[in-house]
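As C-alpha coordinates, the structure follows; a few thoughts come after it.
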Amino acid sequence: MTQTMTRNWPLNAVRIFVTDIRQAQDFYCNTLGWEATAIEPSGSFLLFKVGGVDLVVENVKGDIQAEQNLVGRFTGVSFTVEDIQATYEALSAKGVEFVQTPEKQAWGGTIASFVDHDRNGITLVSGVQ
(Lines of atoms letter the chains of each structure in order from A and count residues from 1; the text may use other names and numbers.)
(Lines give C-alpha, C1' and ligand atoms only; values in the text may rest on other atoms or scores of the structure.)
Protein backbone atom coordinates (compact mmCIF):
# COMPACT_ATOMS: atom_id res chain seq x y z
CA MET A 1 0.00 0.00 0.00
CA THR A 2 1.38 3.40 -0.86
CA GLN A 3 1.65 6.24 1.61
CA THR A 4 -0.85 8.33 -0.35
CA MET A 5 -3.51 5.66 0.15
CA THR A 6 -3.30 5.80 3.95
CA ARG A 7 -2.19 9.34 4.72
CA ASN A 8 -5.57 11.08 4.81
CA TRP A 9 -7.89 8.63 6.48
CA PRO A 10 -9.99 10.69 8.87
CA LEU A 11 -10.87 9.01 12.14
CA ASN A 12 -14.49 7.88 12.00
CA ALA A 13 -15.37 6.42 15.39
CA VAL A 14 -14.06 5.21 18.73
CA ARG A 15 -15.86 2.51 20.70
CA ILE A 16 -15.96 2.11 24.48
CA PHE A 17 -17.57 -1.04 25.87
CA VAL A 18 -19.73 -1.08 29.01
CA THR A 19 -21.84 -3.58 30.95
CA ASP A 20 -24.75 -1.28 31.81
CA ILE A 21 -25.85 1.16 29.11
CA ARG A 22 -28.18 3.08 31.47
CA GLN A 23 -25.34 3.70 33.92
CA ALA A 24 -23.18 4.71 30.98
CA GLN A 25 -25.84 7.12 29.77
CA ASP A 26 -25.99 8.71 33.21
CA PHE A 27 -22.19 9.03 33.38
CA TYR A 28 -21.51 10.30 29.85
CA CYS A 29 -24.60 12.53 29.59
CA ASN A 30 -25.22 13.77 33.11
CA THR A 31 -21.76 13.64 34.70
CA LEU A 32 -19.59 14.56 31.70
CA GLY A 33 -22.32 16.73 30.16
CA TRP A 34 -22.19 15.24 26.68
CA GLU A 35 -25.29 15.14 24.51
CA ALA A 36 -26.11 11.80 22.91
CA THR A 37 -26.79 12.20 19.19
CA ALA A 38 -28.39 8.75 19.06
CA ILE A 39 -29.64 6.21 21.55
CA GLU A 40 -30.32 2.77 20.09
CA PRO A 41 -33.87 1.82 21.23
CA SER A 42 -32.90 -1.68 22.41
CA GLY A 43 -30.20 -0.18 24.62
CA SER A 44 -27.23 -1.62 22.79
CA PHE A 45 -25.37 1.68 22.23
CA LEU A 46 -25.17 5.43 22.72
CA LEU A 47 -23.66 7.71 20.12
CA PHE A 48 -21.88 10.99 20.81
CA LYS A 49 -20.21 13.43 18.43
CA VAL A 50 -17.01 14.53 20.17
CA GLY A 51 -14.59 16.77 18.31
CA GLY A 52 -16.00 15.73 14.96
CA VAL A 53 -15.59 12.01 15.69
CA ASP A 54 -18.30 9.53 16.66
CA LEU A 55 -17.85 8.07 20.13
CA VAL A 56 -19.88 4.89 20.47
CA VAL A 57 -20.56 3.63 23.98
CA GLU A 58 -21.59 0.04 23.39
CA ASN A 59 -23.29 -2.41 25.74
CA VAL A 60 -21.84 -5.93 25.83
CA LYS A 61 -23.81 -9.10 26.44
CA GLY A 62 -23.24 -10.25 29.99
CA ASP A 63 -22.73 -13.91 29.19
CA ILE A 64 -20.11 -13.80 26.46
CA GLN A 65 -16.58 -13.82 27.95
CA ALA A 66 -14.91 -12.43 24.84
CA GLU A 67 -17.15 -9.35 25.00
CA GLN A 68 -16.67 -9.00 28.76
CA ASN A 69 -12.91 -8.80 28.14
CA LEU A 70 -13.50 -5.57 26.17
CA VAL A 71 -14.84 -3.79 29.28
CA GLY A 72 -12.73 -2.02 31.89
CA ARG A 73 -9.53 -1.60 29.97
CA PHE A 74 -7.42 1.37 29.03
CA THR A 75 -9.10 2.80 25.94
CA GLY A 76 -6.21 4.93 24.71
CA VAL A 77 -8.72 7.72 24.08
CA SER A 78 -7.58 11.25 24.91
CA PHE A 79 -9.70 14.39 24.86
CA THR A 80 -8.21 17.87 24.60
CA VAL A 81 -9.46 20.35 27.18
CA GLU A 82 -8.57 24.02 27.44
CA ASP A 83 -8.05 24.16 31.22
CA ILE A 84 -7.15 20.75 32.57
CA GLN A 85 -7.04 21.84 36.22
CA ALA A 86 -10.52 23.40 36.06
CA THR A 87 -11.88 20.36 34.20
CA TYR A 88 -10.29 18.01 36.74
CA GLU A 89 -11.78 19.97 39.65
CA ALA A 90 -15.25 20.17 38.08
CA LEU A 91 -15.39 16.46 37.25
CA SER A 92 -13.94 15.46 40.62
CA ALA A 93 -16.68 17.49 42.31
CA LYS A 94 -19.23 15.43 40.34
CA GLY A 95 -17.71 12.22 41.68
CA VAL A 96 -15.59 11.23 38.67
CA GLU A 97 -12.80 8.92 39.81
CA PHE A 98 -9.43 10.13 38.59
CA VAL A 99 -6.66 7.55 38.50
CA GLN A 100 -4.08 10.19 37.56
CA THR A 101 -4.33 13.79 38.64
CA PRO A 102 -3.12 16.53 36.26
CA GLU A 103 0.56 16.01 35.66
CA LYS A 104 2.95 17.93 33.43
CA GLN A 105 4.63 15.64 30.88
CA ALA A 106 8.18 15.77 29.52
CA TRP A 107 6.78 16.55 26.04
CA GLY A 108 5.19 19.76 27.36
CA GLY A 109 1.53 18.91 27.75
CA THR A 110 -0.43 18.01 30.88
CA ILE A 111 -2.53 14.86 31.24
CA ALA A 112 -5.04 13.49 33.73
CA SER A 113 -6.89 10.18 33.54
CA PHE A 114 -10.24 9.02 34.89
CA VAL A 115 -12.42 5.93 34.68
CA ASP A 116 -16.10 5.42 33.96
CA HIS A 117 -18.38 3.10 35.97
CA ASP A 118 -16.87 0.05 34.21
CA ARG A 119 -13.31 1.32 34.81
CA ASN A 120 -12.68 2.18 31.16
CA GLY A 121 -9.73 4.56 31.25
CA ILE A 122 -10.05 7.96 29.56
CA THR A 123 -7.38 10.65 29.38
CA LEU A 124 -7.64 14.43 29.30
CA VAL A 125 -4.82 16.42 27.75
CA SER A 126 -4.02 20.13 27.58
CA GLY A 127 -1.15 22.31 26.46
CA VAL A 128 -0.71 20.57 23.13
CA GLN A 129 0.03 22.88 20.22
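1 is the number that full-length UniProt numbering gives to position 1 of the sequence shown; each next residue is one higher, with no gaps. A virtual CB, placed ideally from N, CA and C, is assigned to each residue, including glycine.
Beta-carbon within less than 8 Å of E35's beta-carbon, same chain only, minus the 5 sequence neighbours each way: which residues are those?
Result list for E35: C29 and F48, in chain order.
Spatial neighbours of N12 within its chain, please: C-beta separation below 6 Å, excluding the five flanking residues on both sides.
No residues qualify anywhere along the chain.
What does the alpha-carbon distance come out to for the pair G108 and T75?
In a straight line, the C-alpha of G108 is about 22 Å away from that of T75.
Find out if the Cβ-Cβ distance for the pair V81, S126 is shorter than 8 Å.
Yes, they are a contact pair.
Among the candidates L124, L32, I16 and I111, whose CA atom is the shortest distance from the CA of Q68?
Ranking the options by Cα distance to Q68, first place goes to I16.
Could you tell me the distance, in whole angstroms, from the CA atom of P99 to the CA atom of G33?
The question names Pro, yet the displayed sequence has Val at residue 99. One C-alpha to the other measures close to 20 Å.
Using CA atoms only, rank isn't needed, just tell me which of D116, V71, R73 and G72 is closest to S92.
For S92, the nearest C-alpha among the options comes from D116.
Residue range of the alpha helix (DSSP H) that T87 falls in?
Element bounds for T87: I84 to A93.
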